[in-house]
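One structure is given here, and the rest of the page talks about it.
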Amino acid sequence: MQKFNNVSILPNSVGDKEEFFRIYSSLPLEEREKVIVIIDDEPISWNLAYQEIKHNTNRARNILKVLKELEII
2 MQKFNNVSIL
12 PNSVGDKEEF
22 FRIYSSLPLE
32 EREKVIVIID
42 DEPISWNLAY
52 QEIKHNTNRA
62 RNILKVLKEL
72 EII
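Residue numbers (my numbering): 2 to 74.
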């Protein structure tokens with residue numbers, strides 16, 4: 002794991018974030034409301050995923066991991 006300005010960065014997480022934002026920006030507005038993954042029995046829409054990833058929350062890492070595993074990003 003790399004450190005950048007005292008913040009831990011998982012390998013490829015920056016690239017995964019960029020890929021997520023690229024895909025998100027090309028989605029129609031209606032699509033952004035749809036559920037893309039379910040984590041801990043909670044449905045996660047594109048919009049919620051965007052907010053979590055934008056704010057670099059703990060949940061964001063899980064979302065990015067699942068989206069990568071599902072080959073969405």
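Here a beta-carbon is modelled for each residue, glycine too, at the ideal position from N, C-alpha and C.
Pick out whichever of L30, I39 and K35 has its Cα sitting closest to the Cα of R60. The shortest Cα separation from R60 among L30, I39 and K35 belongs to I39.
Provide the residue span of the beta strand (DSSP E) that contains E43, from first to last. Residue range E43 to S46 is occupied by the beta strand (DSSP E) that includes E43.
Does the distance from the CB of L71 to the CB of D17 come in under 8 Å? In this structure, L71 lies away from D17, with their beta-carbon atoms at least 8 Å apart.
Own chain residues within Cβ distance below 8 Å of K35, not counting five before or after: Once the five neighbours on either side are set aside, the close Cβ partners of K35 are S46 and W47.
Using the Cα positions of F22 and K55, report the straight-line distance between them to the nearest angstrom. The alpha-carbon atoms of F22 and K55 are separated by roughly 9 Å.
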